[in-house]
Amino acid sequence: MKKYSELTTVILFCLIVFSFAIAFFVTPDAEYSEEEKRPLEQAPELNGESFFSGEFAKDINVYFSDQFPIRNLFVKIKSAAELGLGKAENNGVLYSYDQLAVKDFPAYNVYSEDMTEKKDTDHIYFDSVEVQLQSVNALADKLEIPLVTVLPPRTIDITESKFNYTRPDGDRLYDLMNETLNENTGYIDVLSLLRPKYEQGEYVYYRTDHHWTTLGAYYVYCEIMESLGCGDSIIPKEEFDIEAVNDFIGSTASKGCFPFYKKDVIEMWHLDDDGEYEVVADGEDMGGFYVRSYIDTIDKYSLFMGGVHNTVSVTKKGEDRKTLLIARDSFSDCLVPFLAREFNIVTVNLDINQDIRFAASYYEADAVLIVYNAENLIKTANLANVKFSVAY
Amino acid sequence: MVFSSLIFIFAYLAVTLAVYYVAPLKLRNLVLFVVSLAFYGWGEPKYIALMIVSILIAYFFGFFIEKHRESNKRRAKIYLAISLVGNLSFLLFFKYYNFFAENIGFSVIEGLTLPVGISFYTFQIMSYSIDLYRGEVPLARRIIPFGTYVTLFPQLIAGPIVRYKDVCDQMEGRKETVSKFASGVNRFVTGLAKKLILGDSAAAIAELLERNGEFETTVVGTWIIMICYTFHIYFDFSGYSDMAIGLGRMFGFEFVENFNYPYIAKSITDFWRRWHITLSTWFREYIYIPLGGNRVSKPRAFFNLAAVWFLTGFWHGADWNYILWGVYFWVFLVIEKAFLGRLLKKIPALGHIYTLIIVGFGWIIFFHSDLSAIADTAKQLIGINTDFASANIGNTLLRLLPFIAVCALACTPIPKRIFEKLQERLSPVLAIKPIAVALLFAVCIAYMVDNSFSPFLYYIF
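Chains as they are written, first to last, in this note's numbering: chain A, 4 to 395; chain B, 792 to 1252.
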């Protein structure tokens, strides 16, 4: 028995070492990982300089792990092992079967006193946040047309009750928004709106992704309409015809790499007149609100108007309507199909320097909506870009 | 190259094992010598020359020492001295030059990097020269087996510090067997798991808490950091020794043990019999006993012990905190010798707690080159100007408890004993064992594969 056991140990070990070694060198290298949505490291170039500087030794380690055979399986095994150790957390993502949430938001390029890069801390640089909020105030004071500001909370803020975890700063971020943003900004407190709904079991935020769901977006749409004085034209939930896309695996799941979790459902809320809207993104006709070719890809969220574009415009055929300019991030993508029932829409991105006041006059907008999620507010200082419009 | 990397296991080890076992018996030492040099040169090929010079010095002066050992003791001693000085000078220069220069006021040499493993292999080489002079080992007549002993890749980087007298018989007369190989595999995988799963996790937790400590420092938090350091260094270092011993067995070697459950020690004296055993042995054999050990006058014995602990600290790194770390242990050893040891023997539980706290704080000294940071940490541990806890750290503690429990258990002989009992009573355990080891190996591979995972761009916007 002992002999058998020892022999099996040796054979299994050698089998693993040699078969993976051979498989690694035989299988062609992949360029891109669909699951992780990132390019993979390619074989480093070996030359005298790279070898002697140690650069080669460093790169080849990354190359080995990126191109390792059945990498995805190993990644899942690791996070299963982490769960087994009772960590309920992997790569900064908190785990429960029916909800995942990122808890670490490494800040970079923020308006903090020392301007240094702080990785993987739970800390929020509130001075940076405040600078950005003040620039929204400044924009609101100069803008001659109505402004609505929506700063979607992070998944962890909405879903904290799911986890045995306390956010170090609690709701301080949202308290700061409430305190700082003045009346002219038309600030809508999404946290107070959606968190109670989540806690009552409503599906307002995705389980595996950082965005709100179409239902979540619908509730926000109602608030925006009220805020713009169009409360009477809110379309009741019941009138929509809901089409569901199953098996959506979002960014949070990709980051956490957990082996088991409940997948998401993306909903498209249709009305009979869907065909009458013309959606043009960067000069290209999208053929409607939904780009159906994304349904069968891993990047399902991009089915809302095809993901990131510089500008998107939505008009309704044969109708002359008011124009709403949306200074957007990706949270607005599933909001547009609702708002477009009332307004013509033009979107611009907030990640590049956008002169919102100039854009508003350029597109002859009648109102402006800022949609900028709290995570970006923490991680970057891009919202301060809106203040460029104040300068001119 | 570290053992816990994919490139080591799936490129280096795969090739080495294949070539080694295909090669005829006669050439096997040469194979090990060549691949070990390649291992050593990986990333820093220039230091291969240094290594070869070190080997040649010890090798050639070995002949002189041997020749004059019986006839002219003085001459033999001179040759020994030359050989030792030659080897030590490399260590002194590369490891300590900048430290001395900085403290004396000479100009520091920029970009002077420490050759990998120099502290370890220098000591190994010296053990040969000294033992040869003492007539305790035979002369190494052939350069390849001797070179192989010095460069042998399993113990090259981080020990165990294998003395020549412990392995000289194995250099030319070892036998590779299935049984040895299998136990090598078990040992290697255990070490890998200790480092990757427990050690690295503990390190990551300590790092995170330290960074968060910039914003919120609590007594509980500082204690958790200390505990994580304690686990980190043990699982990392003893895991590395396990891997080294395991790899050695795969090639037919049997190295001496380096750790013996140090965290179950009941006094500091006991701890140092269990921690990094090969280093303590080296200092005892080649420094402490030659100085007279404790069979001398009291003040002299006091000095001898102090010298050994100063050197032990300094060996770990060229900085004041390492010296402090060595002297710190010396103080406790002296106190234990004077009276505390007898007291602790009566209350073993107290001795255990005392040892863990002293050792734990030792790691704080070990990890902080900034002496004022050490003082701050000491204050935080006992609550001077520090809040006891916060809601946040309370939650962190709760989340970490299972992990800390697993680590604590893994520091004791209990898992091994349970396993051995099971093996005795239930014969299927023996049949399942290889599969369990293979699965654990797969988990370790997973930890190495997922090391580089980083979030992607879509996430930002």
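Glycine is no exception: its CB is placed at the ideal position from the N, C-alpha and C atoms.
Along the length of the segment 318-375 of chain A, whole beta strand (DSSP E) runs at least 3 residues long occupy 326-331, 347-352 and 370-374, reported in chain order.
Excluding its 5 nearest sequence neighbours in each direction, B/F794 has C-beta neighbours in its own chain below 6 Å: M1034, listed in chain order. Proximity of chain A to B/D1178 at the Cβ level (cut-off 8 Å) is not reached, the minimal Cβ distance being about 14 Å. Here the segment 1224-1238 of chain B lies against the segment 74-87 of chain A, with 3 or more beta-carbon pairs under 8 Å apart.
What A/E9 touches in chain B, judged by beta-carbon distance under 7 Å, is V969, S970 and A973, going in chain order. By the rule that beta-carbons nearer than 7 Å mark a contact, A/T188 does not touch chain B.
Among the residues of chain B, those whose CB is under 8 Å from the CB of A/R74 are V1240, following chain order. For A/P42, the secondary structure class from DSSP, reduced to helix, strand or coil, is strand.
For A/F21, the neighbours in chain B by C-beta distance under 7 Å run, in chain order, A805. Contacts with chain B (Cβ-Cβ distance below 7 Å) from the segment 282-312 of chain A involve V311, listed in chain order. Contact note: A/A24 reaches chain B through F801, A802 and A805, using a C-beta cutoff of 7 Å and chain order. Residue range F944 to L947 is occupied by the alpha helix (DSSP H) that includes B/Q946. Contact of A/V78 with chain B by beta-carbon distance below 8 Å involves A1237, V1240, D1241 and F1244. For B/T1060, the uninterrupted alpha helix (DSSP H) run begins and ends at I1059 to R1065, by DSSP. Counting C-beta pairs with one atom in each stretch, the segment 1007-1014 of chain B and the segment 36-54 of chain A have fewer than three that are closer than 8 Å, which means they do not touch. Interface with chain B (7 Å Cβ-Cβ cutoff): A/V248 is excluded. Interface annotation, A/T12: in contact with chain B, CB-CB separation under 7 Å. Within the DSSP secondary-structure output, A/N93 pairs in a beta bridge with A/V96. Using a Cβ-Cβ cut-off of 7 Å, A/F67 counts as an interface residue toward chain B, since at least one Cβ of chain B sits closer than that to its own. Within the model, the alpha-carbon separation for A/P262 versus B/A1098 is close to 55 Å. For A/T188, the secondary structure class from DSSP, reduced to helix, strand or coil, is helix. Taking all protein chains shown into account, B/P906 has 16 or more neighbouring C-beta atoms within 10 Å of its C-beta and is therefore buried. Against chain B, the beta carbon of A/Y168 has neighbours under 7 Å at N1186, listed in chain order. Bounds of the beta strand (DSSP E) holding A/N249 are D244 to F251. Listed along chain B, the residues sitting closer than 9 Å to A/M4 by beta-carbon distance are S1218, L1221 and A1222.
Taking B/I935 as the centre and dropping the five residues before and after it, the same chain places the C-beta of N820, L821 and F824 closer than 7 Å to its C-beta, in chain order.
Residue burial annotation: A/Q135 is buried, with at least 16 other C-beta atoms found within 10 angstroms of its C-beta. Less than 7 Å divides the Cβ of A/I252 from the Cβ of A/T211. Rounded to the nearest angstrom, the gap between the Cα atoms of A/T217 and A/R198 is 15 Å. For A/E270, the uninterrupted beta strand (DSSP E) segment begins and ends at D267 to H273. Leaving aside the five residues that flank A/P149 on each side, the residues in its chain whose CB is nearer than 7 Å to its CB run, in chain order, G189, L231 and A370. For the segment 940-1000 of chain B, the continuous alpha helix (DSSP H) assignments of 4+ residues that do not extend past its boundaries occur at 944-947, 955-964 and 969-984, in sequence order. Between the C-alpha atoms of A/S138 and A/L386 there is a straight-line separation of about 8 Å. In chain order, N64, F67, S68 and F71 make up the part of chain A whose C-beta sits under 8 Å from the C-beta of B/L797. By a beta-carbon distance limit of 8 Å, A/I191 contacts A/V223. Their separation comes to about 7 Å.
A distance below 6 Å between beta-carbons, with the five flanking residues on each side excluded, links A/M4 to no residue of its chain.
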